[in-house]
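Shown next, in structure tokens, is the structure this report addresses.
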Amino acid sequence: MPEDQYTPTDPTTQHTREDFGEQTIPHPGRTEEMDVRPDHGEETYRGAGRLQGRRALITGGDSGIGRAVAIAFAREGADVAIAYLAEEQEDADETVRLVREAGRTALALPGDIQEEQHCEHLIAATVEGLGGLDILVNNAAYQMSLSGFETLTTEQLERTYRTNVFAMFWLCRYALAHLRPGSSIINTSSIQAYQPSPHLVDYASTKAAIVNVTKNLAQELADRGIRVNSVAPGPIWTPLIPATMEGEQVNEFGQQTPIGRAGQPAELAPVFVFLASQESSYITGEVIGVTGGKPIS
0 MPEDQYTPTD PTTQHTREDF GEQTIPHPGR TEEMDVRPDH GEETYRGAGR LQGRRALITG
60 GDSGIGRAVA IAFAREGADV AIAYLAEEQE DADETVRLVR EAGRTALALP GDIQEEQHCE
120 HLIAATVEGL GGLDILVNNA AYQMSLSGFE TLTTEQLERT YRTNVFAMFW LCRYALAHLR
180 PGSSIINTSS IQAYQPSPHL VDYASTKAAI VNVTKNLAQE LADRGIRVNS VAPGPIWTPL
240 IPATMEGEQV NEFGQQTPIG RAGQPAELAP VFVFLASQES SYITGEVIGV TGGKPIS
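If you read the sequence shown in numbering that gives the first Met the number 0, its first letter stands for residue 0, the second for the next number, and so on.
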């Protein structure tokens, strides 16, 4: 076989199919606490200048999907601000290091997006620190597994909606004063919007709301040259999983997909890059599933 001939990789064995173990970690979960670490593309993602000179804000950018997106954006030429909870500082520091290692500016913006004032601050701080804003990624989310519907407290319901839905509204609203034609908003929804799990009823309903807002806002902003799309992950191996699920659920996480394994954050990052770049200039109001073969319809 010629040395330069492409050899395809079997997606069913590209990443681990083994059990993750019944490990649980304290919420919100840190990467260093995980027995099996996620792949964020640290060793594999190669940029091609698709986002050269862009300025991006990624909520939940400290770990998991957010870290993978931050790495990819930076290696594609974007400067990156990440928003995260203060208790996730250690993970945030690593993401910042990886962005700077790619030769781009990185801003670390701790705080709680449940508060509208903080969301306003995130936009202002990003614009000041990076000189503008071209890409907004609403990725941060709160979830906590329930043992039954009756166990859903008002406190958890409000926290889930404030983090997953209210913050998205606030960030989009404050960002619009700075987004120019060609800018992109990308919201992380979930397969849970289409195939909800009873033990995640509050979380799943917020993801359905995100899909609706994505399609709604895309129509309003289209004539302003601002595109709004969503990525809907399936079971992706991040600190959120062992921090919010029971041990048995963690152990078998992702094995029910047609591909037979959980996805890795690195497998989502190229989709975010595509939706942020001019390569997707005629795509708005869409939801792209990254689910290991599980349908999102």
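No residue lacks a Cβ here, since even glycine has one placed at the ideal position from N, Cα and C. No experiment lies behind these values; they were computed from the predicted model shown.
request  = Just tell me which of G262, D201 and A123 has its CA closest to the CA of A231.
outcome  = G262
key: R179 Cβ short of 8 Å to the ligand HEM heavy atom set   = Inclusion of the ligand HEM in the displayed structure is not the case, the ligand content being empty and no account of it being possible.
inquiry  = At the level of alpha carbons, what is the spacing between T339 and A174?
reply    = Coverage of the chain is limited to positions 0 through 296, which leaves residue 339 absent and any answer about it impossible.
query = Since G288 is in the beta strand (DSSP E), which residue starts that stretch and which ends it?
reply = V286 to V289
request  = Would you identify the three-state DSSP class for V35, choosing helix, strand or coil?
outcome  = coil
request  = Throw me the rounded Cβ distance for the G40 and A275 pair, which I believe falls under 8 Å.
outcome  = Contact between G40 and A275 does not hold, since the beta-carbon distance rounds to 15 Å and is not under 8 Å.
task = Label M0 either buried or exposed according to how many other C-beta atoms from any shown protein chain fall within 10 Å of its C-beta, with 16 as the threshold for buried.
result = At M0, the pLDDT of 46 sits below 50, so the modelled position is not reliable; the number obtained from the coordinates is stated separately. So M0 counts as exposed.
ask   = Hey, how far is the Cα of M167 from the Cα of Q4?
value = 44 Å
request  = Report the residue from D9, P25 and G48 whose alpha carbon sits nearest the alpha carbon of E87.
outcome  = It is P25 whose Cα lies nearest to the Cα of E87.
ask   = So, is A176 buried or exposed, given that buried needs 16 or more other C-beta atoms within 10 angstroms?
value = exposed
ask   = How would you write the range of the beta strand (DSSP E) that A305 sits in, first residue to last?
value = Outside the modelled stretch of the chain, which goes from 0 to 296, sits residue 305, for which no answer is possible.
ask   = Beta carbon of T94, beta carbon of L129: below 9 Å?
value = No, these two residues do not count as a Cβ contact at 9 Å.
task = State the DSSP-derived secondary structure class of N186, mapped to helix, strand or coil.
result = strand
task = Would you decide whether Q191 is buried or exposed? Buried here means 16 or more other CB atoms lie within 10 Å of its CB.
result = buried
key: Where the beta strand (DSSP E) through R66 begins and ends   = Here R66 belongs to no beta strand (DSSP E); instead the alpha helix (DSSP H) covers G63 to R74.
inquiry  = For Q116, count the other beta carbons within 10 Å of its own beta carbon; 16 or more makes it buried, fewer makes it exposed. Which is it?
reply    = exposed
key: The beta strand (DSSP E) enclosing T58, as first and last residue numbers   = R54 to T58
key: N- and C-terminal bounds of the alpha helix (DSSP H) containing P241   = L239 to T243
request  = Grab me the residues of V254's own chain with a C-beta within less than 6 Å of its C-beta, minus the 5 sequence neighbours each way, in chain order.
outcome  = Contrary to the premise, residue 254 reads as Gln rather than Val in this sequence. The answer is none, since no qualifying residue turns up.
inquiry  = Is the separation between the beta-carbon of L56 and that of I122 shorter than 9 Å?
reply    = yes
ask   = For L151, which of S188, P197 and E245 has the nearest alpha-carbon?
value = P197
query = If we count the other Cβ atoms within 10 Å of its Cβ and call it buried at 16 or more, is F148 buried or exposed?
reply = Here F148 is exposed. Its C-beta has fewer than 16 other C-beta atoms within 10 Å.
task = For P10, I'd like the list of residues in its chain whose CB is within less than 7 Å of its CB, leaving aside the five on either flank, ordered along the chain.
result = I258
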